[in-house]
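Notes follow the structure.
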Amino acid sequence: MASSARAMWVWVHEAAPPDPAAVAAFAAQQRVTEAFVSVPWGGPTAATHECVAALRGKGVRVSALGGDPSWTTGTDAITWMQRATAAWLFDGVHLDIEPWTRRDWPGREQELLAGLERTVKDVAARTALPVEVDLSPWLADVHPAAFAAIVRRADAVGLMAYRDRATDILAGSASARRLIAEARKPYRIGVDTFPVPEPRETFADDGRTVLERELAAVAAQLAGDPRFAGVAVHDYEYWSALPA
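The following block contains the structure:
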């Protein structure tokens, strides 16, 4: 995958799904080559089908996006994946589980990360589609063995390196990128446009020009890394609303 590749998360909220034509037009305008389109628990809806079809019409590869912090135990992830992929809509599966956001994370870190590893392994074993998992780079610094174990179970990694300057993105993801290289897996560098209390974690307050500048700097620095699979932006709704 070329280092110039771009991806974006697309959350298709059941109550108010995005306009499929607008999503597809934006993807084409922003040179997006892959979209992670959310699929609800019950499986693809009419809105899911319409969004996927519109994106495919622009030549965009589409993965089924889903996840919940509770998916570190039980078989919910497998059930969701099987429902999501039953209609043969997708080119891949994208897991956004993030157990470190759970209220009971403190004191259960190793248990929950082991659960995430098991979940990724079990989902991958039950689909022929490639499975990509979202991980926060700081896990590689604090829990390197668990991080490496999860990486080995996935086909690719989305590194949610949520900072708004290339220097911080690269510094914060250095350990994670080393462990991913050892596992010989491809990875994307993900950034955020969602408004959050900490300005340095998002481009929401920076605008599209700054986003483009910093993404270009990241891509230039990582161009020589054969594992670098491009950048990914979270998410369509807020990225498309960024001021120039």
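For the sequence shown, the tail end lands on 271 under our numbering, and the numbers increase by one without skipping.
Note that beta-carbon positions come from the ideal geometry of N, C-alpha and C, so glycine has one too.
Note that the coordinates shown come from a computational prediction; the quantities given were computed from them, not determined experimentally.
Residue 33 is bridged by DSSP to 258.
Inside the stretch 179-253, DSSP marks whole alpha helix (DSSP H) runs of 4 or more residues at positions 193-199, 201-210, 235-249, from first to last along the chain.
When the beta-carbon positions are compared, residue 38 and residue 228 stay at least 8 Å from each other. Contact annotation: residue 191 and residue 233 have beta-carbon atoms nearer than 8 Å. Taking a 10 Å sphere around the C-beta of residue 76, we find fewer than 16 other C-beta atoms and assign the residue as exposed. Judged by DSSP secondary structure, residue 158 falls within the beta strand (DSSP E) whose first and last residues are 158-162. Look at the beta carbons and you see the stretch 179-187 touching the stretch 207-223: at least three pairs across the two are nearer than 8 Å.
Residue environment: residue 226 is assigned as exposed (fewer than 16 neighbouring CB atoms within 10 Å of its CB, all protein chains considered). As the crow flies, the alpha-carbon of residue 119 is around 27 Å from that of residue 238. Residue 219 is classed as buried because its beta carbon has at least 16 other beta carbons within 10 Å across all chains shown. Following the DSSP letters along the chain, one finds residue 61 inside the beta strand (DSSP E) bounded by residues 61-65.
Residue state for residue 140 is assigned as helix, using DSSP reduced to three classes. Looking at 152, 130, 217, 78, the one whose alpha-carbon comes closest to that of residue 89 is 78. In the three-state DSSP reduction, residue 87 falls in the coil class, being neither helix nor strand. Residue 76 sits in a helix when the DSSP states are folded into three classes. If you check the CB distance, residue 147 and residue 177 come in under 8 Å. With contacts defined by Cβ atoms closer than 8 Å, residue 93 and residue 125 do not form a contacting pair. For residue 120, no alpha helix (DSSP H) encloses it; the enclosing beta strand (DSSP E) starts and ends at 119-122.
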